[in-house]
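Below is one structure, written out as structure tokens; the observations come after it.
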Amino acid sequence: MRSYEKYFRMNRLPHIWCPGCGNGIVMKSIAKAAEQLGLDQDNTVIVSGIGCSSRASGYMNFDTLHTAHGRAIPFATGIKLANPKLKVIVITGDGDCTAIGGNHFIHGARRNIDLTVILFNNNIYGMTGGQASPLTPTGKKATTAPFGSVDTAFDPCELAKAAGASYIARGTAFHAKPLVDLIAQGISNNGFSLVEAITQCPISYGRRNKMGDAAGMLKWMSENAVPLAAYEKLAEEQKGDKFPIGVLYQKTAPEYSAEYAKVIKLAQGGK
Amino acid sequence: MRSYEKYFRMNRLPHIWCPGCGNGIVMKSIAKAAEQLGLDQDNTVIVSGIGCSSRASGYMNFDTLHTAHGRAIPFATGIKLANPKLKVIVITGDGDCTAIGGNHFIHGARRNIDLTVILFNNNIYGMTGGQASPLTPTGKKATTAPFGSVDTAFDPCELAKAAGASYIARGTAFHAKPLVDLIAQGISNNGFSLVEAITQCPISYGRRNKMGDAAGMLKWMSENAVPLAAYEKLAEEQKGDKFPIGVLYQKTAPEYSAEYAKVIKLAQGGK
Amino acid sequence: MSQARLMQGNEACAEGAMAAGVNFFGGYPITPSTEIAEIMAKELPALGGTFIQMEDEIAGIAVVLGAALAGRKALTATSGPGFSLKQELIGYGCIAEIPLVIANVQRMGPATGQPTSPAQGDVMQARWGTHGDHPMIALSPWTVRESFDVAVMAVNYAERFRTPVIILLDEVVGHMREKVVLPKAEDIEIYPRRKPNCTREEGYKPYTPMADLVPNPADFGTGHHIHVTGLIHDETGFPTGSSKVTEDTIQRLHQKISRVQDEITHYDEFFMEDAEYAVLTYGGTARTAYAAVKMARQQGIKVGMVRLMTIWPFADKVIKKVAQKVKKILVPEMNYGQLVLEVERAAAGQAAVISLPKYNTEIFTPKEICTAIEELATEVVK
Amino acid sequence: MSQARLMQGNEACAEGAMAAGVNFFGGYPITPSTEIAEIMAKELPALGGTFIQMEDEIAGIAVVLGAALAGRKALTATSGPGFSLKQELIGYGCIAEIPLVIANVQRMGPATGQPTSPAQGDVMQARWGTHGDHPMIALSPWTVRESFDVAVMAVNYAERFRTPVIILLDEVVGHMREKVVLPKAEDIEIYPRRKPNCTREEGYKPYTPMADLVPNPADFGTGHHIHVTGLIHDETGFPTGSSKVTEDTIQRLHQKISRVQDEITHYDEFFMEDAEYAVLTYGGTARTAYAAVKMARQQGIKVGMVRLMTIWPFADKVIKKVAQKVKKILVPEMNYGQLVLEVERAAAGQAAVISLPKYNTEIFTPKEICTAIEELATEVVK
Amino acid sequence: MGIEITTLKERCKGCNICAAFCPKKILAMDTLGKVYVTDEKACINCGQCELRCPDYAIYVEKKVEK
Amino acid sequence: MGIEITTLKERCKGCNICAAFCPKKILAMDTLGKVYVTDEKACINCGQCELRCPDYAIYVEKKVEK
Amino acid sequence: MQQIRLCGSGGQGVITAAIILAEAAIMEGKESVQSQSYGPEARGGASKAEVIISEEFIYHPKVVTPDVVLALTQQAADKYSADLCDNGVLVIDEDLVPDSPEHPNVIKVPLTRLAVEGLGKDLFTNIVSLGLLVKVTGVVSFETIQKSVAKRVPPATIEKNMQALRIGFDALA
Amino acid sequence: MQQIRLCGSGGQGVITAAIILAEAAIMEGKESVQSQSYGPEARGGASKAEVIISEEFIYHPKVVTPDVVLALTQQAADKYSADLCDNGVLVIDEDLVPDSPEHPNVIKVPLTRLAVEGLGKDLFTNIVSLGLLVKVTGVVSFETIQKSVAKRVPPATIEKNMQALRIGFDALA
Ligand SMILES: Cc1ncc(C[n+]2csc(CCOP(=O)(O)OP(=O)(O)O)c2C)c(N)n1
Ligand SMILES: Cc1ncc(C[n+]2csc(CCOP(=O)(O)OP(=O)(O)O)c2C)c(N)n1
Ligand code: SF4
Ligand code: SF4
Ligand code: SF4
Ligand code: SF4
Ligand code: SF4
Ligand code: SF4
Ligand SMILES: [Mg+2]
Ligand SMILES: [Mg+2]
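Protein chains in written order, with our numbering: chain A, 1 to 271; chain B, 272 to 542; chain C, 543 to 924; chain D, 925 to 1306; chain E, 1307 to 1372; chain F, 1373 to 1438; chain G, 1439 to 1611; chain H, 1612 to 1784.
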């Protein structure tokens, strides 16, 4: 019906996500980014972990891999290194990426290997019914944080930057159109790219934290997401729940599979 | 013979480290810091992972725990939470802390739990005979990087900061006296503290990389470690191999075990 | 506490652990074990206890091992994939002799498998999942009430033997709710944390075995300055390469449990007096097996049932006795045939052992097992 | 390549893997397996292959699974603690049917254990370490040359059956050097990567089993747009909750291997023609056992030896045959007694099975085993 | 030239996002919890509903008269 | 008031660090690879050797005349 | 022994209803086992809750042949009523299960609509259903189910829930 | 069958020497097995390397009763010479093993000193030791051990290594 839908496995829809779940919106942004870039379906692989968001791989019309909880990045690393001409996109949840998968996340970034990680951040473990994740804000309730989370949340973008990623962006399910561009740029970057997509889980997160329904959660995003330039101008006391979106960081750095190709050349007697 | 030696288990010495290994120097700095702070041996626990450096726990005269490779921080977390009045110090190697233990490292920092992590950074896997670690500089040789490492190394201090640590310092085995203060301050900080101690592994790293003997490696440190303030004034092209030492970062932030104590109070009907 | 109420298996497990003194929980969520964590998160703070959700299952067991060393009775809970991840540190608990209880609410594997489907597919893993030689205690309840009792027992065994103990729940028992009457708090026997038998000055060695072959390592923070390691160590707790000490240690770890194996082998027998056939069963499957055995008895088939609560150490003696008595032993399991291998081994050819595996996401029906019993009774032993 | 040379077991293993087409290695260092990684790091680039050291053992197996899916023949190597950490993803390899070879150079556990001491303590773990029902192939060489052969075979079986295959080395064979003559490259048979039997347009389903019950999933990047998951899936590769499909899948995973079990059961017999007693042995221990059997023969004891190269699937038939023939079977192992349990099971009471465990950091001496054989021959079966 | 709104009932999960964001308030849920259009003519083709629907269950298009 | 240098041979591993950093060059290794003092009187008690010895095998102290 | 199955989709509260029913049985001194299963897809999909009530200890914990199946969605009705035998009863939400499975004893009640109309919220559908179930099965008394509901629901909502029960109970004359 | 054991501390190259000896045996068409073990302490500590040389395939891979033990440190001599029987030979570095274990046939040679004096570096101690071992055991010819050393060591060092071999070989008249 829409041209970008060729990037979906239409026969697998409707997807399994709950009514109002933002995952569908983010997944559409990926498809649109693929269309925008004219990605070759035969030479693109989508790799995901385990979680609601990670079910996305099954709906995307590429070679797709639904790995184990937390392990998408090292599987993806193997695919990329085995066949460096492949574009590899990783779909992951906040728990998948920053809890159990945290180590792989920072090491992927360190190597600056050419993967594009789309982090579906709904601030919760959706799949297992609402336990706190490392991205659940302090004070928010979760089934494992019935008194409100005492943990401080990561800023996954800061973490990726400190670890060595070369492209870092944040978008939201509300800002669906700019999200497409952020993803497309991430895929174009020859190195480790992180796109954090803030998305709503009305069922396991919103409901417990009285954040309204899906539409209400989307509205919250529209009110609190601020383009980076504007965000930087905010006074500390104006910041509150607000957070920056857009391209947050970018650099040029050696890409792992290219560097390794040099080793091969060297070992084979080339220079 | 020296007053700080009461913090050693004298009957376990000599230690197993190779001739010229810097671990002994760093371990002495920990003992001296303990003396400086007058640490109560009955209420201090030393926890280590697996590696040459992690053998240090066995020589220190406290309750000590030699865990599994990479897992010192979560074990230490359990000890601290089980009995928050204990001071808990973690001894770990660069591989232990930032390779297999990387996830625990960033999560310890995120929680800002009151642990002091002393990272013995010798830029190599010493124990297993010289494989590359995530802190092996690009281009250096290791048994698993015979053509020179293609990986980019982490800056563990930057990583800890991005993850949420509240005290971060770097010292070297050459700067043995200031290292004592850096460690003492780390232990005093009520939150997650990282002290990165650059140390020499002449056997598994220095030799392979033609860095001279132990004394030569110490001299390299003396030439390249620059106090933070001075380092920041260096022009990019002056930096070369140079790196900053001293207290690199400090902040005040809620400490995990104290925050959890509030939950207990709340649940027990207190306010 | 002693009133009839509707309770879930996982809930009973959590309550039992707390009743036995658990005041520390660390773990990582995974269906179908998550309720255990969730209950702990809610209830522990009021008891002055501590709940922490860790970054993964490895940290989930590490934090609990740390807490146990610092004096807490501690629990972690998980399911298949998480249980696999915990294996390395289960071995750590064995060698460092740390009391530790792990609830594994089994789900269908391998890998992500069939996440919400019941299975008994981790039975052999519970015994052999970690590397190296080690003994293992694993208990599998068949009712909600027994989930409570098994949790109490697991905590007590962990303390008494200073070793990891596994509660092998399955999704059937873990997620079902039934009427239970819990014992009164004062009726619950609690094995207290073992205490050092002398002071540092008196030459205390944390790993000197007592008469029961179990040592009394001091809790951290009690002034004993002990050293704990995952390397083979001598009585002082420090590593040694001595082959004598190594041999003695591995042997003692096994013998501290095997010496009381009969005492910790818990099982029930039903209709065994005149039985010519036996159904050997455990966990949730035993409930269906019981219904099936009754059906078969109504048809006049002389079949009995042996229900194991103690899965590991394996009830060799019980099986040998049964094998001598009956002609055939049927072993229905929600897996491809696991514990049946142990039954076969223990039966040593004395009775025919027939595997009745089920691995299709569904639990057995009484009819299915009954049909298999009927076949036992009609077929001639080859 | 076909000249006599001194070679280490680990080296032979690495060389064998490369000879069989392995051009990708991912892993994490651990003694005593590290040489395998180090050799790969040095040699693969020149072959256009890829070596990567990952952040831990989990990533070490994940990267290799990924590489295998993208068309490479891939190897990872580890030892006890790392083998425990890899368990979850070994199950992933089983269910997603990914060719994968894991070399486990066993060292003494549990936990950190006795890091440089030889052991055969991961034998049962190799079979049962991951959660859920799954088949397993594990091969254990006894010579350096056979380390090469077993590596070739492991790679071939992984490709042929699309399943993880474990090379169970032990420190003895892994670290010793001996004279070997390797086969010529052209004499090495290589099982090629299986290829899709039709195109997407022709209705290609990646998990449709072929006549040998093994499917032909396409390599990523070949235009087939396949989906691979660790959930139970149907022929299309997509998850299903169907109980029929689940049952069929678990069954097929087992049967694709069990149907050719005889073919892949490799073992040797020595002096068995007139044997009244048998020594059942494998791995490094078999070398000593052979020396011991010869010593015992010199004393006139009618003892033979059966040496298993295929540890899993277990050689039930072989053991049954032996048990029918001899009075007693002695099973020396560098562990607390592991594979002996399987021997006992398979023997089913037909012969007495005697465990000769050794777990003290040292390997057996020929004398020790010979003495045990002498005892076999003098003691009366109870 | 009017606007055509296509709804795919088998995909719609009744989450109400489209209705909440529709500036013309012409979308609503039926008893089975599926979206329906109350007044197609009022549609201004702003695309909000299609943009935000997580289930690809609603499409808006200019009707091309043939 | 002289200086006393104590060396603990059973701890010394002959790494040469003390010798390399001794400003007076009065430390050396013997055949068994253990440190020894060539000229104790020349010692200026700078403490470099003790500070840098990784094996706690050398101590320098002002001799207190009793 | 009575074997009762409630089914619907994720958010409809069938599990809570089943729990309340099982608790009611216990209040009356009976044995009771409650269980549930979700589809393999964690999200969405049909969910099913079962209650067995008996005078004796219940061994096999799942419903073998249901006496009553109450279905709140078409998908659930299709999936979970097949094993209902002829003397069993099928209760369906007549709006949400437009296409009733073939069965001799089908009771059609607009349960969701009753909840919305009577109490303003479909949230109460499960309690309305419970009321109806008690009427249909008589497995516990109306008083007991009232007590049981009161024990489970948030205190502020007790009154509304009592109304819901009553609406369901009265839906069948 | 000849069973030879070399032992010393970590950095002394006894494993390399053992490998070279085993390779020499293979060059002469013999069977050979080489193995080693470290103490449980990875660093420091005594290390041991063994070579078995035989005309037939060697099954048991470790030395049972050594024919020769060559020890380069006191610790190694103490730890690894106990199983030497009376007709075996114990070779020690006379400087580094000041306190020789009791044995009827002890050959004392200042191996390390010979290396330092003859070649300026203790690095060659292991090759000096090899020369001596060949002389003592005659297990391979001097020519073969020369070839074997030449194959293993960096080309630039071949000459020095040949000298080292010769020094060791000639150390015993
Ligand atoms: C090893 C392992 N541990 C735990 C789980 C259970 N589990 C499945 S998904 C998930 C968390 C999902 O959260 P997130 O990654 O944020 O994804 P979401 O569902 O929120 O999209 C967990 C804990 C698992 N499948 N495997
Ligand atoms: C799970 C596991 N993997 C691998 C190892 C092997 N191992 C022991 S120490 C070590 C690395 C040590 O490096 P580092 O942490 O830098 O410490 P160092 O020895 O350099 O002080 C490794 C890989 C192990 N013991 N356990
Ligand atoms: S639980 Fe949350 S994240 Fe998962 S599908 Fe439902 S709404 Fe989406
Ligand atoms: S290997 Fe390196 S780090 Fe380890 S003890 Fe030796 S010098 Fe120190
Ligand atoms: S947004 Fe989509 S799924 Fe939600 S109600 Fe509207 S059409 Fe239906
Ligand atoms: S296009 Fe705009 S006006 Fe038209 S239905 Fe959609 S949201 Fe409403
Ligand atoms: S620094 Fe210490 S160990 Fe090194 S040579 Fe000097 S005294 Fe010996
Ligand atoms: S104190 Fe100074 S001068 Fe004296 S020996 Fe030590 S380093 Fe040399
Ligand atoms: Mg999430
Ligand atoms: Mg290191």
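Just so it is clear, CB atoms sit at the ideal spot from N, CA and C, and this is done for glycine as well.
Model, not experiment: these values are computed from the prediction.
How about residue i and residue j: are their beta carbons less than 7 Å apart?
i, j, result
"Val-388 (chain B)", "Ile-350 (chain B)", "no"
"Val-1745 (chain H)", "Ile-1738 (chain H)", "no"
"Ile-896 (chain C)", "Ala-680 (chain C)", "no"
"Asn-392 (chain B)", "Ile-344 (chain B)", "no"
"Leu-1459 (chain G)", "Val-1489 (chain G)", "yes"
"Ser-1740 (chain H)", "Ala-1635 (chain H)", "no"
"Ala-1001 (chain D)", "Met-1258 (chain D)", "no"
"Ile-1626 (chain H)", "Val-1750 (chain H)", "no"
So if DSSP puts residue i in a beta bridge, which residue, or which two residues, is it bridged to?
i, result
"Asp-1336 (chain E)", "Asp-1336 (chain E) pairs with nothing; no bridge assigned."
"Asn-392 (chain B)", "B:Ile-469"
"Ser-1071 (chain D)", "Ser-1071 (chain D) is not bridged to any residue."
"Gly-1058 (chain D)", "First, the amino acid is wrong: residue 1058 (chain D) is His here, not Gly. According to DSSP, which records beta bridges pairwise, His-1058 (chain D) is partnered with nothing at all."
"Gln-1647 (chain H)", "H:Ala-1660"
Count the other CB atoms, across all protein chains shown, that sit within 10 Å of the CB of residue i; report buried if there are 16 or more and exposed otherwise.
i, result
"Leu-1743 (chain H)", "buried"
"Leu-234 (chain A)", "exposed"
"Pro-1651 (chain H)", "With a pLDDT of 47 at Pro-1651 (chain H), under the threshold of 50, the modelled position of this residue cannot be trusted; read the value that follows with caution. Under this definition Pro-1651 (chain H) is a buried residue."
"Val-1436 (chain F)", "exposed"
"Val-723 (chain C)", "exposed"
"Gly-1127 (chain D)", "exposed"
"Glu-688 (chain C)", "buried"
Strictly closer than 6 Å from CB to any heavy atom of ligand 9: give me those residues in the order they appear in the chain. A:Gly-51, A:Gly-93, A:Asp-94, A:Gly-95, A:Asn-122, A:Ile-124, A:Tyr-125, A:Gly-126, A:Ser-133
List in chain order the residues whose CB is within less than 7 Å of at least one heavy atom of ligand 7. B:Pro-290, B:Gly-291, F:Thr-1379, F:Arg-1383, F:Cys-1384, F:Lys-1385, F:Gly-1386, F:Cys-1387, F:Asn-1388, F:Ile-1389, F:Cys-1390, F:Ala-1391, F:Leu-1399, F:Met-1401, F:Lys-1406, F:Val-1407, F:Cys-1421, F:Arg-1424, F:Cys-1425, F:Pro-1426, F:Asp-1427, F:Ala-1429, F:Ile-1430
Quick check for students: name the residue ranges of the beta strand (DSSP E) that lie wholly in the region 935 to 1018 of chain D, counting only runs of 3 or more. 948 to 951, 974 to 977, 998 to 1002
Entirely enclosed beta strand (DSSP E) segments - the region 1090 to 1120 of chain D, minimum 3 residues: 1101 to 1105
Jot down the residue ranges of each uninterrupted beta strand (DSSP E) in the region 459 to 507 of chain B, minimum 3 residues, whole runs only, in chain order. 464 to 469, 496 to 498
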